[in-house]
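These notes concern the structure reproduced below.
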Amino acid sequence: MTGTVAIQLSRTIWVDGITIGHVSNALAYDIRTAPKVFELWGLDPTKEDEEGSLLLRSTYRIDSTRNIQEFSVPQDKSKLLSQVLLKIKSNHGNPNVTCVYRVQIHGRAENNVGGNDLNNFTPT
Numbered sequence: 001m002t003g004t005v006a007i008q009l010s011r012t013i014w015v016d017g018i019t020i021g022h023v024s025n026a027l028a029y030d031i032r033t034a035p036k037v038f039e040l041w042g043l044d045p046t047k048e049d050e051e052g053s054l055l056l057r058s059t060y061r062i063d064s065t066r067n068i069q070e071f072s073v074p075q076d077k078s079k080l081l082s083q084v085l086l087k088i089k090s091n092h093g094n095p096n097v098t099c100v101y102r103v104q105i106h107g108r109a110e111n112n113v114g115g116n117d118l119n120n121f122t123p124t
């Protein structure tokens, strides 16, 4: 089961990673609903016709001891962004639904780019 979530960040940041959470194995009614392969894309709001840039492709592991898992964007892929797209490409076997309980985007704030004070910008 696939799905997409667009996320508008509260400010422009250098996107460094993502945390994805699902219910723990011990409490899950059907652990197969957990996401499996996912992608994190950076979106440029000034280029609406573009797909964006792939920041990270990874796998959420249901055999991990942690149900909340953090994934790092490679340093050479980190971008200054105000919007990201999480694409769930597959889950762990449930044909009807994929569940995500928590998504957090991690990054470093940038206060000034090209002489523009980013603290005054409203993300678009």
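All residue numbers for the sequence shown refer to full-length UniProt numbering, where the first residue is 1 and numbers rise by one.
Cβ atoms here follow ideal geometry from the backbone N, Cα and C, with glycine treated the same way.
Query raised in the report: Does E50 get closer than 8 Å to chain B when you measure Cβ to Cβ?
Result: Here there is only one protein chain, and chain B is not present.
**Report entry** Inter-stretch contact (C-beta, 8 Å, three-pair minimum) for the stretch 95-106 and the stretch 20-33
**Finding:** yes
Report task. Could you tell me which uninterrupted beta strand (DSSP E) segments, each at least 3 residues in length, are contained entirely in the UniProt domain "SUN" (1-110), listed from first to last along the chain? Result -> 3-21, 37-43, 53-59, 68-72, 80-88, 102-109
Query - Inter-residue spacing [alpha-carbon to alpha-carbon] between S58 and Y29 - result: 24 Å
Query raised in the report: Ordered along the chain, which non-local residues of its own chain (more than five positions away) have a Cβ less than 7 Å from that of G107?
Result: I13, W14, V15, D16
Query raised in the report: Of the choices G93, E110, I88, whose alpha-carbon is the least far from that of A6?
Result: I88
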